[in-house]
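Let me begin by presenting the structure, written as structure tokens, before commenting on it.
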Amino acid sequence: MAQITVTLPDGSAKEIPDGSTGAEFAASIGPGLAKAALVVEADGHAQDLAAPLHDGDAVRIVTDRDPAALEHLRHSTAHVLAQAVLEMWPGATFAGGPPIDDGFYYDFELPNGATFTDADLDSIDARMREIIAADQPFERFELSVDEGRALMEAHPYKRVFMDLAAAGDASDGEVDGGTTISFYRNSDTFVDMCRGPHVPSTGRLGFFKLMRVAGAYFRGSEKNPMLQRIYGTAWSSKKELAAYLNRLEEAAKRDHRKLAAELDLVSWPEELGPGLAVWHPKGALIRKIMEDYSRTRHEHGGYEFVFSPHIAKSVLWETSGHLDYYADSMYPPMEMDGATYYPKPMNCPFHVMIYKSSQRSYRDLPLRFFELGAVYRYELSGAVHGLMRSRGFTQDDSHIFCTREQVPDELASLLAFVLDVLRAFGFTEFQAKLSTRPPEKSVGSDELWSMATDGLRGALDAAGLEYVVDEGGGAFYGPKIDVDIRDAIGRAWQLSTIQLDFTLPDRFGLEYIAPDGQKTPPVMIHRALFGSVERFFGVLIEHYAGAFPTWLAPVQARILPVAEAHHDYAHDLAQQLRAKGFRIHVSDADETLGQRIRRSKGEKIPYVLVVGDDDVAAGTVGVNPRGGDVERNVPVGDFVDRLIEETSSTMVSELPTSLPAASA
RNA sequence: GCCCGGGUAGCUCAGACGGCAGAGCAAUUCACUCGUAAUGAAUAGGUCAGGAGUUCGAUUCUCCUCUCGGGCUCCA
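Residues in the first sequence are numbered consecutively from 278, following my numbering.
Following this line, the structure appears as structure tokens:
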């Protein structure tokens, strides 16, 4: 038999018989590897072990320890899910079922519009485990598009995928080339069109859990029928599965809606309506600290504070373009004195009005307006989510008006400013996203859009921030940079946004007098740093699991007198600490010491101070720090130093008095 | 808005083939005055989300509405 030559990852060449499959190749390397092998990569394309290798392939064996293997495993588990459902619901059809972060899903349509229930998940799970126990091998084969259509005659959604593939649209995947379609069969009763690769057989699977059922539009469009989606998670070991489920529990404990109630921060009374919150004293105090810090930083960073009303006449929103492009998200209008008023969904047009209020010169620029502006957006009822997504929220909104020449420096210093403030709140990891012109619903010339997009790209490069590009994800008036932060348990949250806008200045006829005496349109930069004060607060709650750092904690220390004899000392000490600017509470309630400590710990107060006979005599305190060991007989002065040290970096007197980079 | 699942005391949750609603914590009162995560006793607290229907009788069954959660879509 003729030999072919393949290249191994270490660069060495190996001769194997022509027609050898990946499995035979793996066996020729070593029996241990053959056992661990899931798929091979030939010329960068993962293929399953049953497929033949070709002469000249650069071959790599993917084992179950390889990150890519997890995807194969999840994809294979999705097939097992589909097999189980199709067997259990005769007449059911299926659409797409890809691997995703942490697991997989599969979309189905059940006969007569039937739906899944949670109880179904249990029986589907049981059937899936039977399929896995049967250790069915995954077998790959290829058909032409016509043959494929015939094979999938009972499954219209699959035929849509095939039609898309035949039309050259590979975005829906599961296709080889476009003329030929690959299929995977793992039993007499189940075949799925699929790009693969898969694990060699279903016996390799098993560490999975079906998580939930959900509705999902076919191909993600509201215009398409809604299918029944089943989500699952899958891992390569029992330990990893358990760790994942544990992570979910951990995240649930941090849920800001739960902690907001437990810590008495915010609530959502039914009487107000969905997505509308009231702030309780402790939540409001933290918010005030956040806002004060933000205001001070902005003041030092060369911003000027402005204010604007909550409603404005329709002409403003017509000029801005919001009524043309954003009306779906706006609250309905109010008729008054023969005019039509809308609650504001954005602050921008008001700041534009302030710019327009006088003749501007290039000497005035850049102008940086800042406002904590409440906006109202009619979010779909199914979209509201605690503080993260509400119908009324406060943007820490800034609009910068500058010349085209100033844009690069301004953007660069802006990004640096944003990251610096986020770091002060304890975030250290960032991920940026550059969003470009939307395919529909946008204004402005191509030339302006590409100039604006290049400007943002330059700022990202200057900041040395890694970014991904979201094609078509921009606002209707311009491209944008979004900055995601990563929280303490690794989740990403979208917060800051920087949007470049050549359009609004044009629509409102903004201008400044350039050095040459010509009237010139300024460039406008929209920027939110927290994004929304509400969402940022929600993220902070989850990031810190409610245990706010001392500078943000609503109560920084609670003093507990051991007995009545120590009450005076406790209150004197509290006055002394308050005089230094700290937030101190005394609990001399008629409760045992243990009870009061327990309550204080539940409130996640940074320091519990216990004072008794020893302390009254020596001028000391017993310090019980959050998450630390008790220290007895600490001199009061030492404790004050500790508080000062923990809070000084965010105290107003210590804040930077200029922008952190460029443009000074 | 669409699909699925919930809503019982301030909170966490039991409960009932349809027959006067239950616990723990919290609250209030009394006693206890206490050195590092729950002192004891007593009291009060609910139109079982709202409305309609079926029924002798509905918190329980059916329908509608509101609302919350998980998704889809969207988004700061």
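By construction, the Cβ of each residue, glycine as well, lies at the ideal position given by its N, Cα and C atoms.
Bear in mind that the values here come from a model prediction, so they are computed numbers and not experimental data.
Helix, strand or coil at Met-429 according to DSSP, with G and I counted as helix = Here residue 429 corresponds to residue number 152 of the first sequence, with the count starting at 1. Note: Met-429 maps to coil in three-state DSSP.
request  = With DSSP collapsed to three states, give me the class of His-352.
outcome  = Numbered from 1 along the first sequence, position 75 holds the residue referred to as residue 352. Three-state DSSP puts His-352 in a helix.
ask   = Going along the chain, which residues of its own chain have a beta-carbon closer than 8 Å to the beta-carbon of Thr-713, five neighbours each way excluded?
value = For the purposes of this step, residue 713 is taken as the residue at position 436 of the first sequence. A distance below 8 Å between beta-carbons, with the five flanking residues on each side excluded, links Thr-713 to the following residues of its chain, in chain order: Trp-726, Thr-730, Val-746, Asp-747, Glu-748, Gly-749, Gly-750, Gly-751 and Pro-756.
ask   = Straight-line CA distance for Glu-581 to Gln-672?
value = For this step, residue 581 is matched to residue 304 along the first sequence. For this step, residue 672 is matched to residue 395 along the first sequence. Approximately 16 Å between the Cα atoms of the pair.
inquiry  = Rounded to whole angstroms, what is the Cα-Cα separation between Phe-584 and Ser-719?
reply    = For the purposes of this step, residue 584 is taken as residue 307 along the first sequence, with counting starting at 1. For the purposes of this step, residue 719 is taken as residue 442 along the first sequence, with counting starting at 1. So the alpha carbons of these two residues sit roughly 28 Å apart.
key: Selection from Gly-650, Arg-534 and Gly-669 that minimises the alpha carbon distance to Ser-658   = Within the first sequence, the letter at position 381 stands for residue 658. The candidate whose alpha carbon is nearest that of Ser-658 is Gly-669.
N-terminal and C-terminal residue of the beta strand (DSSP E) that Arg-763 is part of = Reading the first sequence from its first residue, position 486 is the one you call residue 763. Per DSSP, Arg-763 is one residue of the beta strand (DSSP E) stretching across 757 to 763.
query = Under a three-way DSSP split, which group does Trp-828 fall into?
reply = Along the first sequence, read from residue 1 onward, the residue named residue 828 stands at position 551. Here Trp-828 sits in coil by DSSP.
task = Return the chain-ordered list of same chain residues with a C-beta closer than 7 Å to the C-beta of Ile-590, the five sequence neighbours on each side being excluded.
result = Counted from its first residue, the first sequence places residue 590 at position 313. The sequence given here places Lys at residue 590; Ile does not occur at that position. These residues qualify, in order along the chain: Ala-616, Thr-617 and Tyr-618.
inquiry  = Does the region 454 to 472 come into contact with the region 384 to 397, if we say contact requires no fewer than three beta-carbon pairs (one atom in each stretch) closer than 8 Å?
reply    = no
task = Tell me whether Pro-286 is buried or exposed, calling it buried when 16 or more other Cβ atoms sit within 10 Å of its Cβ.
result = Looking up residue 286 in the first sequence gives position 9. Result: exposed.
Under 8 Å between C-beta atoms of Leu-482 and Ser-400 = Residue 482 sits at position 205 when you count from the first residue of the first sequence. Residue 400 sits at position 123 when you count from the first residue of the first sequence. Contact flag unset, no.
query = If you draw a straight line from the C-alpha of His-331 to the C-alpha of Glu-430, how long is it?
reply = Numbered from its first residue, the first sequence carries residue 331 at position 54. Numbered from its first residue, the first sequence carries residue 430 at position 153. His-331 and Glu-430: Cα-Cα distance of roughly 33 Å.
message = Please return the same chain residues whose Cβ sits closer than 7 Å to the Cβ of Asp-412, not counting the five positions on each side in sequence.
response = Counted from its first residue, the first sequence places residue 412 at position 135. Excluding positions up to five away in sequence, the list reads Ser-478, Thr-479 and Gly-480.
key: Beta carbon of Tyr-821 nearer than 8 Å to that of Val-893   = In the first sequence, residue 821 corresponds to position 544, counting from 1. In the first sequence, residue 893 corresponds to position 616, counting from 1. No, the pair does not count as a contact, with Cβ atoms beyond the cut-off.
task = Name, in chain order, the residues that DSSP records as bridge partners for Asp-778.
result = In the first sequence, residue 778 corresponds to position 501, counting from 1. Partner(s): Met-801.
query = If you draw a straight line from the alpha carbon of Leu-696 to that of Leu-733, how long is it in whole angstroms?
reply = Position 419 of the first sequence, counting from 1, holds the residue named residue 696. Position 456 of the first sequence, counting from 1, holds the residue named residue 733. Each residue's Cα considered, the two are about 15 Å apart.
inquiry  = With three or more C-beta pairs closer than 8 Å as the rule, is the region 828 to 842 touching the region 859 to 874?
reply    = yes
ask   = Quick one: what's Phe-807 bridged to in DSSP?
value = The residue you call residue 807 lines up with position 530 of the first sequence. Phe-807 is not bridged to any residue.
Nearest-angstrom beta carbon gap, Gly-560 and Ala-537 [assumed within contact, 8 Å] = For the purposes of this step, residue 537 is taken as the residue at position 260 of the first sequence. For the purposes of this step, residue 560 is taken as the residue at position 283 of the first sequence. Contact annotation, Ala-537 with Gly-560: C-beta distance approximately 7 Å; criterion of less than 8 Å satisfied.
inquiry  = With three or more C-beta pairs closer than 8 Å as the rule, is the region 768 to 787 touching the region 795 to 804?
reply    = yes
query = Just curious, the alpha helix (DSSP H) that Lys-565 is in, first and last residue?
reply = Locating residue 565 in the first sequence gives position 288, where the first residue counts as 1. First-last of the alpha helix (DSSP H) with Lys-565: 558 to 577.
task = Leaving aside the five residues before and after Tyr-653 along the sequence, list all residues of the same chain whose C-beta is less than 6 Å from its C-beta, in chain order.
result = Residue mapping note: residue 653 aligns to position 376 of the first sequence, counting from 1. Only Tyr-608, Pro-620 and Gly-669 meet the Cβ criterion.
query = Thinking C-alpha only, which one of Arg-524, Trp-545 and Leu-525 is nearest Arg-534?
reply = For the purposes of this step, residue 534 is taken as the residue at position 257 of the first sequence. Nearest in C-alpha terms to Arg-534, of all of Arg-524, Trp-545 and Leu-525, is Trp-545.
query = Which value, in whole angstroms, describes the spacing of the CA atoms of Ala-327 and Gly-296?
reply = Numbered from its first residue, the first sequence carries residue 327 at position 50. Numbered from its first residue, the first sequence carries residue 296 at position 19. The alpha-carbon atoms of Ala-327 and Gly-296 are separated by roughly 11 Å.
Own chain, CB closer than 6 Å to Ala-736, minus 5 neighbours either side, in chain order = Position 459 of the first sequence holds residue 736. Within the same chain, Ala-736 has close Cβ partners Leu-688, Ala-689 and Leu-692.
message = Check for me: the beta strand (DSSP E) holding Phe-707 runs from which residue to which?
response = Here residue 707 refers to the residue found at position 430 of the first sequence. Element bounds for Phe-707: 707 to 712.
inquiry  = Judging by CA-CA distance, which residue of Gly-509, Phe-484 and Ala-444 is the nearest neighbour of His-490?
reply    = One-based indexing of the first sequence puts residue 490 at position 213. The displayed chain sequence assigns Val, not His, to residue 490. Residue Gly-509 is the option with its Cα nearest to Val-490.
ask   = Alpha carbon to alpha carbon, what distance is there between Val-283 and Val-336?
value = Here residue 336 refers to the residue found at position 59 when the first sequence is read from its first residue. Here residue 283 refers to the residue found at position 6 when the first sequence is read from its first residue. Take the alpha-carbon of Val-336 and the one of Val-283: they are about 6 Å apart.
key: Residue range of the unbroken beta strand (DSSP E) whose run includes Gln-672   = To locate residue 672, count along the first sequence from 1; it is residue 395. Its beta strand (DSSP E) spans residues 669 to 679.
Beta strand (DSSP E) segment containing Met-405, residue limits = Residue numbering aside, residue 405 sits at position 128 when the first sequence is read from its first letter. Where Met-405 is concerned, there is no enclosing beta strand (DSSP E), although the alpha helix (DSSP H) it sits in stretches over 395 to 410.
Span of the alpha helix (DSSP H), counted from its first residue to its last, around Phe-694 = Your numbering for residue 694 matches position 417 in the first sequence. 684 to 701 is the extent of the alpha helix (DSSP H) around Phe-694.
query = Roughly how many angstroms lie between the CA atoms of Ser-606 and Arg-812, to the nearest whole one?
reply = The count along the first sequence starts at 1 and reaches residue 606 at position 329. The count along the first sequence starts at 1 and reaches residue 812 at position 535. Answer to the nearest angstrom: the Cα atoms are 18 Å apart.
task = In angstroms with no decimal places, state the Cα-to-Cα distance between Pro-376 and Glu-548.
result = As a working mapping, residue 376 is identified with position 99 in the first sequence. As a working mapping, residue 548 is identified with position 271 in the first sequence. Whole-angstrom Cα-Cα distance: 42 Å.
Beta-carbon proximity check, Gly-961 vs Ile-458, cutoff 8 Å = Residue numbering for the chain in the displayed model covers 278 to 941; residue 961 lies beyond these limits and cannot be assessed.
query = Under a three-way DSSP split, which group does Pro-954 fall into?
reply = The first residue shown for the chain is 278 and the last is 941, placing residue 954 beyond what the model contains.
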